[in-house]
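Counting in the numbering used here, the sequence shown runs from 128 upward without gaps.
Ideal Cβ positions, reconstructed from N, Cα and C, are used throughout, including at glycine.
Input: a single structure, listed below in structure tokens.
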Amino acid sequence: MARFAAIDIGSNAMRLRVVDADRQEDGRSLEPVEIATSRASVRLGHDVFLSGVLRPAVVSAAVAALQDFKRVMDDAKVDAYRAVATSAMREAENADALVSRAAREAGLKIEIIEGVEEARLVQLAVTRRVRLGDRRALLLDIGGGSTELSLIEAGDVRASQSLPVGTVRMLEAFLERDAAVDAGHAELAEEFVERVFADAFDEFARAAPEVIVATGGTIDTLAALCPRPGEERPTIDVAKARALLGELQRLTVKERMARYGLREDRADTIIPATVILLHVARWLDRDSIVVPGTGLRDGVLEDLADRHFARQSGAEEAVLRACLRLGRRYKFDERHGAHVMRLATTLFDDLIKLHGLSPRDRLLLRASALLHDVGDFIRYEGHHKHSAYIVQHSDVMGMTPDERAIVACVVRYHRKSFPDPSHPGFRELDRDDRARVRALASLLRIADALDREHRQKIKGVSASVLGGTLRLELDSERRHALETWTVTRKAELFRAVFDLGLEIVERA
Numbered sequence: 128m129a130r131f132a133a134i135d136i137g138s139n140a141m142r143l144r145v146v147d148a149d150r151q152e153d154g155r156s157l158e159p160v161e162i163a164t165s166r167a168s169v170r171l172g173h174d175v176f177l178s179g180v181l182r183p184a185v186v187s188a189a190v191a192a193l194q195d196f197k198r199v200m201d202d203a204k205v206d207a208y209r210a211v212a213t214s215a216m217r218e219a220e221n222a223d224a225l226v227s228r229a230a231r232e233a234g235l236k237i238e239i240i241e242g243v244e245e246a247r248l249v250q251l252a253v254t255r256r257v258r259l260g261d262r263r264a265l266l267l268d269i270g271g272g273s274t275e276l277s278l279i280e281a282g283d284v285r286a287s288q289s290l291p292v293g294t295v296r297m298l299e300a301f302l303e304r305d306a307a308v309d310a311g312h313a314e315l316a317e318e319f320v321e322r323v324f325a326d327a328f329d330e331f332a333r334a335a336p337e338v339i340v341a342t343g344g345t346i347d348t349l350a351a352l353c354p355r356p357g358e359e360r361p362t363i364d365v366a367k368a369r370a371l372l373g374e375l376q377r378l379t380v381k382e383r384m385a386r387y388g389l390r391e392d393r394a395d396t397i398i399p400a401t402v403i404l405l406h407v408a409r410w411l412d413r414d415s416i417v418v419p420g421t422g423l424r425d426g427v428l429e430d431l432a433d434r435h436f437a438r439q440s441g442a443e444e445a446v447l448r449a450c451l452r453l454g455r456r457y458k459f460d461e462r463h464g465a466h467v468m469r470l471a472t473t474l475f476d477d478l479i480k481l482h483g484l485s486p487r488d489r490l491l492l493r494a495s496a497l498l499h500d501v502g503d504f505i506r507y508e509g510h511h512k513h514s515a516y517i518v519q520h521s522d523v524m525g526m527t528p529d530e531r532a533i534v535a536c537v538v539r540y541h542r543k544s545f546p547d548p549s550h551p552g553f554r555e556l557d558r559d560d561r562a563r564v565r566a567l568a569s570l571l572r573i574a575d576a577l578d579r580e581h582r583q584k585i586k587g588v589s590a591s592v593l594g595g596t597l598r599l600e601l602d603s604e605r606r607h608a609l610e611t612w613t614v615t616r617k618a619e620l621f622r623a624v625f626d627l628g629l630e631i632v633e634r635a
């Protein structure tokens, strides 16, 4: 049993949840026990979606809320926490002002996550709560500033996209917050949603999802107002939601609050949320939408628990599947990438006492090995730089931007020049991450050299350190003079990083 806290710094509000979590012997999640919860009505999106910046007063209000959250966390004595910020903070020009003040005045580290990470965490929460089986499902997470779409099939994310359409963004741009919604404003909102979703429709519609699963605070409210009876899970009846929208549009915010018992910051955002939801239901011809009552905070808590209880395999495989999809998009040499990944993983595991890197670093090495030659799609000459560019500018679900920057550098240095602080990308890393890149790149260079001809001549390798020498024992039944010669040359970075000589022997 361990205690975790999740802070969701959204565009419409800020939320804290503290739970006790545990795992069964087979690794499956037990239902978390809620210890504390808190909410602060700080609407970051109001400023950002109009002006692109956070006003000082809003920053101060957010810091005060975070200080309150921190007191709750300290009283609860949490073992680990994660504070994530989404769309409004992604777009705010002065987001660093809130990040730095949160660290200084509240003692909390804020992580501004990308849309693809937001989608991954929501997907993690949903798949732990809803039994989807082999059904294709569209996950629809409607937030204040963005909407995340994820296509789930057999428990795996097949596609994901973050769209710049959310309840607060639409409210500020197209609706009058305190007034009823006339026909003109309603039409503006409908056309905006249609335009933003247009590019995503083809990809997701072709997959023909069998069920829509929607998340978000306003969505939970809609499920209570428009329930579909007889369902195992709370479910929105689309016909009821359509009728409700008409009623809501005729009312002012205060009238909605009085008639339906809504908070003010829910009474004004419920209309844009319903417009988005009905658009997706009409697009996929669905008359009901499942609402699991979970979301980003729950995904953060599941992720924290997975890491704490060392349940890494599922998360790691999800990252590697995302890397595989990226490689296939650029028609990479999949057999070579997979083989180099296996060799690099063996080197990492055999030499763990030497390099002292973490299990997460092991995953970054595996991802780097899989994608190191993806830049061949652009041009073989300089392909290491092209590979780094592709990795740096692609969404890889399950990998943070900082981790993606490390992988891009490891890929960059799998051949040619050594890591150099004058190089863009490497220059932006901190000292610890630069050390990681040097160590991981040195292992990748050797693994890549062992498959110099992309013919998998070297079936396996084992590594050990004897005195001041790295001893590589090769398993091969074919001539491999070129591979041996290439390893000798490409081990120079390893020698520089670990101050070891090199010996290559054949496995008996």
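task: Express the C-alpha separation of Arg606 and Glu241 in angstroms, rounding to a whole number.
output: 47 Å
- request: Assuming Val614 and Ala576 form a contact by the criterion Cβ under 8 Å, report the distance between their Cβ atoms to the nearest whole angstrom.
  value: 4 Å
query: With a Cβ-Cβ cutoff of 8 Å, do Leu597 and Leu629 count as a contact?
result: yes
- request: To the nearest angstrom, report how far apart Arg455 and Arg413 are at their CA atoms.
  value: 32 Å
- prompt: So, is Gln250 buried or exposed, given that buried needs 16 or more other C-beta atoms within 10 angstroms?
  reply: buried
query: So with Cβ pairs under 8 Å, would you call Pro159 a contact of chain C?
result: Of the protein chains in the structure, only one exists, and it is not chain C.
- prompt: Residues in its own chain within less than 6 Å of Glu245 by CB, not counting five upstream and five downstream?
  reply: Thr213 and Glu275
- prompt: What's the call for Ser440, buried or exposed, on a 16-neighbour Cβ count within 10 Å?
  reply: In this prediction, Ser440 scores a pLDDT of 45, lower than 50, which makes its location untrustworthy; the coordinate-derived value is nonetheless stated afterwards. Per the 10 Å Cβ criterion, exposed.
- prompt: With 16 as the cutoff for other CB atoms within 10 Å, does Pro399 come out buried or exposed?
  reply: Residue environment analysis places Pro399 among the buried positions, since at least 16 neighbouring C-beta atoms fall within 10 angstroms of its C-beta.
query: Exposed or buried, which one is Lys197 when buried takes at least 16 other CB atoms within 10 Å?
result: buried
- request: With a cut-off of 8 Å on the beta carbons, I'd call Leu193 and Ala140 a contact; round off their distance for me.
  value: That pair is no contact at about 13 Å.
- request: Work out the CA separation of Leu609 and Glu217 for me, nearest whole Å.
  value: The question names Glu, but residue 217 in the sequence shown is Arg. Computed Cα separation, rounded: 48 Å.
Option nearest Asp488 by Cα separation, candidates Thr294, Asp560 and Ala264: Asp560
task: Indicate whether Asp147 and Arg424 have their beta-carbon atoms separated by less than 8 Å.
output: no
- request: Assign Ala215 to one of three DSSP states: helix, strand, or coil.
  value: helix
- prompt: Excluding five sequence neighbours on each side, which residues of the same chain lie with their C-beta closer than 8 Å to the C-beta of Phe621?
  reply: Ser569, Leu570, Arg572, Ile573, Leu597, Leu627 and Leu629
- prompt: In whole angstroms, what is the alpha-carbon distance linking Pro551 and Ala203?
  reply: 43 Å
field: His463 to His581 span [Cα, whole Å]
entry: 5 Å
field: Glu299, DSSP secondary structure in three states
entry: Residue state for Glu299 is assigned as helix, using DSSP reduced to three classes.
task: With a threshold of 16 other CB atoms inside 10 Å of the CB of Asp637, please say whether the residue is buried or exposed.
output: Examination of residue 637 is not possible in this model, given that the chain is present from 128 through 635 alone.
- prompt: With DSSP run on the structure shown, which of helix, strand or coil describes Thr472?
  reply: In this structure, Thr472 counts as helix in the three-state DSSP scheme.
- prompt: In terms of residue numbering, what span does the alpha helix (DSSP H) encompassing Ser514 cover?
  reply: His510 to Gln519
message: Please state the DSSP three-state secondary structure of Val145.
response: strand
message: Quick check: Val407 and Pro361, are their CB atoms within less than 8 Å of each other?
response: no
- request: With DSSP as the reference, label Val632 as helix, strand or coil.
  value: Three-state result, Val632: strand.
query: Quick one: what does DSSP say Pro528 is sitting in, helix, strand or coil?
result: helix
task: Could you check what DSSP says for Ala332 in three-state terms: helix, strand or coil?
output: Correct three-state label for Ala332: helix.
- prompt: So, helix, strand or coil for Glu241, using DSSP?
  reply: coil
task: Please classify Gly311: does DSSP put it in a helix, a strand, or coil?
output: Reduced to three states, the DSSP call for Gly311 is helix.
Close Cβ partners of Pro495 (< 7 Å) along its chain, the five nearest in sequence each way excluded: The sequence shown places Ser at residue 495, rather than the Pro named in the question. Only Val534, Val537, Val538, Leu567 and Leu571 meet the Cβ criterion.
query: Cβ atoms of Val253 and Ala224: under 8 Å apart, would you say?
result: no
Assigned secondary structure, Tyr387 (DSSP; H/G/I helix, E/B strand, else coil): Of the three classes helix, strand and coil, the one that applies to Tyr387 here is helix, per DSSP.
- prompt: Which of the three DSSP states, helix, strand or coil, is assigned to Gln151?
  reply: coil
message: Suppose contacts are defined by Cβ-Cβ distances below 8 Å. Is Leu453 in contact with Val501 by that definition?
response: yes
- prompt: Would you say Asp305 and Val380 are within 8 Å of each other, going by their C-beta atoms?
  reply: yes
- prompt: If you check the beta carbons only, do Phe176 and Glu299 fall under 8 Å apart?
  reply: yes
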